Amino acid sequence: MSKRRMSRRRRKKMIRIFMIRCGMLTVVLLFLFGLIWGGTFLWNRLTTDGEEQTFAGASVIEQPETFPKGKPRIMIDAGHGGKDQGTSSGNVLEKDLNLQVAEKLAKELKKRGASVLLTRTDDTKIPLEERAAMANEKEADLFVSIHCNYCEDDSSVQGLECYYREGSDEAQKLAENVVTAVEESSMISCRGTRTADFSVLRNTSMTAVLVEIGYLSNSSERQNLGSKDYQQELIDRLADGILMENGETS
Numbered sequence: 034m035s036k037r038r039m040s041r042r043r044r045k046k047m048i049r050i051f052m053i054r055c056g057m058l059t060v061v062l063l064f065l066f067g068l069i070w071g072g073t074f075l076w077n078r079l080t081t082d083g084e085e086q087t088f089a090g091a092s093v094i095e096q097p098e099t100f101p102k103g104k105p106r107i108m109i110d111a112g113h114g115g116k117d118q119g120t121s122s123g124n125v126l127e128k129d130l131n132l133q134v135a136e137k138l139a140k141e142l143k144k145r146g147a148s149v150l151l152t153r154t155d156d157t158k159i160p161l162e163e164r165a166a167m168a169n170e171k172e173a174d175l176f177v178s179i180h181c182n183y184c185e186d187d188s189s190v191q192g193l194e195c196y197y198r199e200g201s202d203e204a205q206k207l208a209e210n211v212v213t214a215v216e217e218s219s220m221i222s223c224r225g226t227r228t229a230d231f232s233v234l235r236n237t238s239m240t241a242v243l244v245e246i247g248y249l250s251n252s253s254e255r256q257n258l259g260s261k262d263y264q265q266e267l268i269d270r271l272a273d274g275i276l277m278e279n280g281e282t283s
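The numbering of the sequence shown is the working numbering, which starts it at 34 and goes up by one.
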């Protein structure tokens, strides 16, 4: 066999080997690309899926949406949540009652023309600083935090209390409006306004109040707070007071 023919056969063999190796490399690259793309897609579904989610057992904080323009912007904060149950009496947990009232209040305020967001809409624990940060980030006009009270020393103590931070004239006026509206109800006991340096009042940049809607340590008031009729009366009066300055009470 001539050297020319041998050289030609070697070149053909090398070309075949090269093509085979290129094909194998292409298959490997396609396989790796598929793994990366599939892993990224799965990770996105686990971590986002249209909302902020995480794995079971971890903290989940659903950030509020954006306030529509042209309406009073009110952030309603349902106190406690998750492992932070707040106070309790029997099978009544403050965190659950706070959320019930907060959601109903938000619905009533929206019905009256206000723009409303909630810091939480489920049984989620949210740090106090983040509650205030949500309201600040969304540039709310008003911040209203809903809580329940408890008195270990005297179970006869009852009544709604509205707290504001000392030195804030706007917050004091809002608290007074809430109390004025509540006092017009024959169903609800009221203990007036008080000052406090609560975190959500101290760290919010807008007019802010914290409403203790009643004492779970008082059996009569605890029973009332679980009543739909009483809750609706409470919601109506709170909405009256919150919107009093805007001239949008019912």
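Backbone N, C-alpha and C fix where the C-beta goes; we use that ideal spot for every residue, glycine too. In this text, all values refer to a predicted model and were calculated from it rather than measured experimentally.
What are the start and end residues of the alpha helix (DSSP H) that includes residue i?
| i | result |
| --- | --- |
| S232 | 232 to 235 |
| I275 | 261 to 275 |
| R164 | 161 to 170 |
| E185 | Segment: none, E185 is in no alpha helix (DSSP H) and carries neither H nor E. |
| S219 | Where S219 is concerned, there is no enclosing alpha helix (DSSP H), given that its DSSP letter is neither H nor E. |
| E254 | 252 to 258 |
Just to confirm, are residue i and residue j a CB contact at a threshold of 8 Å?
| i | j | result |
| --- | --- | --- |
| D187 | T152 | no |
| K137 | Q264 | yes |
| M220 | A168 | no |
| A31 | R235 | The question about residue 31 has no answer here: the residues shown for the chain are numbered 34 through 283. |
| G26 | L193 | Only positions 34 to 283 of the chain appear in the structure, and residue 26 is not among them; the question remains open. |
| V244 | L207 | no |
| K158 | D129 | no |
| L271 | V211 | yes |
| I275 | V134 | no |
| Y197 | T228 | yes |
| L249 | E141 | no |
| G114 | D156 | yes |
Please report the straight-line C-alpha distance between residue i and residue j, rounded to a whole angstrom.
| i | j | result |
| --- | --- | --- |
| G119 | K104 | 32 Å |
| G72 | A165 | At G72, the pLDDT of 49 sits below 50, so the modelled position is not reliable; the number obtained from the coordinates is stated separately. Computed Cα separation, rounded: 36 Å. |
| E2 | L150 | There is simply no residue 2 to check, as the chain begins at 34 and stops at 283 in what is shown. |
| V233 | E266 | 26 Å |
| D273 | N131 | 19 Å |
| T154 | K171 | 17 Å |
| A139 | I179 | 11 Å |
| E162 | S238 | 12 Å |
| K261 | I268 | 10 Å |
| D230 | A204 | 12 Å |
| C195 | S201 | 14 Å |
| T240 | N251 | 30 Å |
| S189 | G146 | 38 Å |
| L175 | C223 | 22 Å |
| E209 | P160 | 28 Å |
DSSP on residue i, reduced to helix/strand/coil?
| i | result |
| --- | --- |
| R145 | coil |
| G72 | Residue placement at G72 is poorly supported in this model, since its pLDDT is 49, which falls under 50; the coordinates are not used for a value here. |
| V15 | Lying before the first or after the last residue shown, residue 15 is absent from the chain, which here runs from 34 to 283. |
| G83 | Below a pLDDT of 50, predicted positions are generally treated as unreliable, and G83, at 36, falls in that range; no measurement from the model is reported. |
Return the first residue and the last residue of the beta strand (DSSP E) that residue i is part of.
| i | result |
| --- | --- |
| I247 | Correcting the residue type first, residue 247 is Gly in the shown sequence and not Ile. Unbroken beta strand (DSSP E) run through G247: 240 to 248. |
| T213 | Run containing T213: none in the beta strand (DSSP E); it sits in the alpha helix (DSSP H), 202 to 216. |
| L175 | 175 to 182 |
| L193 | 193 to 197 |
| R106 | 106 to 111 |
So if DSSP puts residue i in a beta bridge, which residue, or which two residues, is it bridged to?
| i | result |
| --- | --- |
| R227 | Y196 |
| R49 | Answer is none; R49 lacks a bridge partner. |
| S122 | V125 |
| D117 | G114 |
If you measure from the beta carbon of residue i to each beta carbon in chain B, is any gap under 8 Å?
| i | result |
| --- | --- |
| A166 | No chain B appears in the structure shown, which is made up of a single protein chain. |
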